[in-house]
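In the working numbering, the protein residues as written are 14 to 165. No residue lacks a Cβ here, since even glycine has one placed at the ideal position from N, Cα and C.
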């Protein structure tokens with residue numbers, strides 16, 4: 014494995030209604046009491062880091078809410094979480110976290126996070142979906158951010 018590769022990393026997760034923890038650690042669902050899946054985009058492939066998701070994509074697919082990429086990943090995540098997450102919700106989150114929000118991002122909010130962790134004091138994010146995004150190059154993480162939205 015080339016450790017100097019460029020990659021986009023996405024974590025899509027759910028904070029259960031009964032979660033009792035004050036801190037959520039993206040990428041560590043066991044410690045956070047969450048359910049989540051992690052994905053990476055390297056060149057023209059999006060694959061699961063901790064799952065068997067795998068799809069060929071073009072860069073333009075990341076900017077098209079109707080792309081087969083968003084349909085596939087939303088179906089995969091929905092089946093895992095046993096919740097309905099639409100392709101436009103995954104796209105809207107991605108667009109918002111990349112400073113390109115549009116009408117698909119209206120019900121999403123970027124929250125304060127540090128090193129992939131965010132506060133859940135007073136259980137404010139219980140029952141919500143989160144999407145973490147970052148870019149990695151030469152073993153350095155750039156532009157890590159997290160947004161949340163309510164389940165339909």
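Start-to-end residues for the beta strand (DSSP E) that takes in residue i
i, result
"residue 147", "141-150"
"residue 23", "20-28"
"residue 156", "153-163"
Buried/exposed call for residue i, threshold 16 Cβ in 10 Å
i, result
"residue 45", "buried"
"residue 108", "buried"
"residue 49", "buried"
"residue 29", "exposed"
"residue 154", "exposed"
Residue i (DSSP reduced to helix, strand or coil)
i, result
"residue 88", "helix"
"residue 32", "coil"
"residue 125", "coil"
"residue 54", "strand"
"residue 61", "strand"
Proximity to residue i [Cα-Cα], best of the options
i, options, result
"residue 37", "141, 54, 150, 106", "141"
"residue 71", "54, 86, 101", "54"
"residue 126", "145, 113, 114, 118", "145"
"residue 132", "147, 160, 114, 153", "160"
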